[in-house]
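K.L.:
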Amino acid sequence: MEFIKLTSNYYLEIKKDNKDIELALDITNIKLKNIKKNKIFMLKIDFNTFIKDDYKKILKHLIFIKSMLPIDKIGIEKDSKKVVGYLINYDENNQSHNDFISAIRAIFYNNRYDRYNYIYDTVCDYLDSFFYGKNLCDFKNNKCGEKRNTNSTIGCCRHFKIKLLGPLTKLVPCEHLKEDYTCGAKCISCKLFTCDYLRKKGVIFKIKDILLLDVFFNPIQKYFIKYMVFTTKEKILKRLMIF
Ligand code: SF4
Ligand code: SF4
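The following block contains the structure:
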């Protein structure tokens, strides 16, 4: 038997077919009354029965259903694991399938902070891996493509700061920029930012295209995720918890 770990002791079992899954409820059509009738909550996730455009609707409904469940109704014990669902027609090389499973994993966190923390790290890892080894910003002699004809050697890691005396502002390096030119803040808003130079190359990240951000956050939270540049992960998570 093959399993995919969700969180704590929750797992999904990968199945080759529909055999021996009688108690599982089709994730595309879960009803609370059926969970009550079954006396147990098990999911059937057959990737051949829904398409990517359905993901958001299905996940939103699952968030609601999960919030209504008593903890002892969830899953069945197998090999010392709590199996909460079966995956059918799952392709481990299919990024959309894996994104959907990441969202299921987020749902099975039992508190909001841990869920947001998981989503935050997962999206940051995705964005980092997108850029890794590609030099998309075309840094040459420490100058990026966008700032090629300026004196800036630190890309867009600078911002205006109000001077202590007088109304004028000055451009200063971001306080989170480390000596080795890496970021000490893990700022998701900065990672999502793409300047004109990158946009011209077709590199652009929209929150609505990133499933974990699109499904789990409301419009105000999405606004902060997009615009809280120059800010630490801890501060951003704290702000997300308020709304
Ligand atoms: S995102 Fe744009 S401005 Fe920022 S480092 Fe890359 S090329 Fe430069
Ligand atoms: S917080 Fe943003 S601007 Fe500051 S170092 Fe990190 S990526 Fe650069």
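Count the sequence shown with numbering that gives the first Met the number 0 and you get residues 0 to 242, in order.
Where a beta carbon is used, it is the ideal one built from N, C-alpha and C, also for glycine.
Following a CB-centred definition, is residue 197 positioned closer than 7 Å to any heavy atom of ligand 1?
P.N.:
On the sequence shown, position 198 is the one that residue 197 refers to. Result yes, Cβ under 7 Å from ligand 1.
K.L.:
Output the boundary residues of the beta strand (DSSP E) element that contains residue 10.
P.N.:
Locating residue 10 in the sequence shown gives position 11, where the first residue counts as 1. Its beta strand (DSSP E) spans residues 9 to 14.
K.L.:
Would the segment 183 to 203 count as touching the segment 223 to 235 if we require 3 or more Cβ pairs under 8 Å?
P.N.:
Contact between the segment 183 to 203 and the segment 223 to 235 is present, because at least three Cβ pairs lie under 8 Å.
K.L.:
In three-state terms, what does DSSP make of residue 63?
P.N.:
On the sequence shown, position 64 is the one that residue 63 refers to. Here residue 63 sits in helix by DSSP.
K.L.:
At what residues does the alpha helix (DSSP H) containing residue 122 begin and finish?
P.N.:
Start at 1 with the first residue of the sequence shown, and residue 122 comes out as number 123. 111 to 130 is the extent of the alpha helix (DSSP H) around residue 122.
K.L.:
Looking at the secondary structure, which residues open and close the alpha helix (DSSP H) in which residue 99 lies?
P.N.:
What you label residue 99 is simply residue 100 of the sequence shown in a count that begins at 1. From DSSP, the alpha helix (DSSP H) with residue 99 extends over 94 to 106.
K.L.:
Tell me which residues pass a beta-carbon proximity test against ligand 2: closer than 6 Å to any heavy atom, given in chain order.
P.N.:
The set, ordered by position in the chain, is 156, 173, 175, 176, 182, 184, 186, 189, 228, 229.
K.L.:
Mind checking whether the beta-carbon of residue 143 lies closer than 7 Å to any heavy atom of ligand 1?
P.N.:
What you label residue 143 is simply residue 144 of the sequence shown in a count that begins at 1. Because some heavy atom of ligand 1 lies under 7 Å away, the Cβ of residue 143 counts as near it: yes.
K.L.:
Under the three-state reduction of DSSP, which class applies to residue 223: helix, strand or coil?
P.N.:
Taking the first residue of the sequence shown as 1, we reach residue 223 at position 224. Helix, per DSSP.
K.L.:
Do residue 135 and residue 214 come within 8 Å of each other at the CB atom, strictly closer than that value?
P.N.:
Here residue 214 refers to the residue found at position 215 when the sequence shown is read from its first residue. Here residue 135 refers to the residue found at position 136 when the sequence shown is read from its first residue. The answer is no: Cβ separation not under 8 Å.
K.L.:
State the Cα-Cα distance for the pair residue 35 and residue 234, rounded to the nearest angstrom.
P.N.:
Here the question's residue 35 lines up with position 36 in the sequence shown. Here the question's residue 234 lines up with position 235 in the sequence shown. Whole-angstrom Cα-Cα distance: 41 Å.
K.L.:
Could you tell me the alpha carbon to alpha carbon distance between residue 68 and residue 168, rounded to whole angstroms?
P.N.:
In the sequence shown, the residue the question calls residue 68 occupies position 69. In the sequence shown, the residue the question calls residue 168 occupies position 169. When rounded, the distance between both Cα atoms is 54 Å.
K.L.:
Rounded to the nearest angstrom, what separates residue 195 and residue 110 at their Cα positions?
P.N.:
If you number the sequence shown from 1, residue 195 lands on position 196. If you number the sequence shown from 1, residue 110 lands on position 111. Going by the C-alpha atoms only, they are around 38 Å apart.
K.L.:
I'd like to know whether the C-beta atoms of residue 83 and residue 24 end up nearer to each other than 8 Å.
P.N.:
The residue you call residue 83 lines up with position 84 of the sequence shown. The residue you call residue 24 lines up with position 25 of the sequence shown. No; because the gap between Cβ atoms is not below 8 Å, this pair is not in contact.
K.L.:
If you drop the 5 nearest sequence neighbours on each side, which residues of the same chain put their C-beta closer than 7 Å to that of residue 39?
P.N.:
Start at 1 with the first residue of the sequence shown, and residue 39 comes out as number 40. So the qualifying residues of the chain are 22, 72, 75.
K.L.:
Since residue 21 sits in a beta bridge, which residues does DSSP pair it with?
P.N.:
Position 22 of the sequence shown, counted from the start, is the residue given in the question as residue 21. For residue 21, which the question treats as bridged, DSSP gives no partner whatsoever.
K.L.:
With 16 as the cutoff for other CB atoms within 10 Å, does residue 104 come out buried or exposed?
P.N.:
Position 105 of the sequence shown holds residue 104. Result: buried.
K.L.:
Which class does residue 212 belong to by DSSP, given the choice of helix, strand or coil?
P.N.:
The sequence position of residue 212 within the sequence shown is 213, counting from 1. Residue 212: helix per DSSP, three-state reduction.
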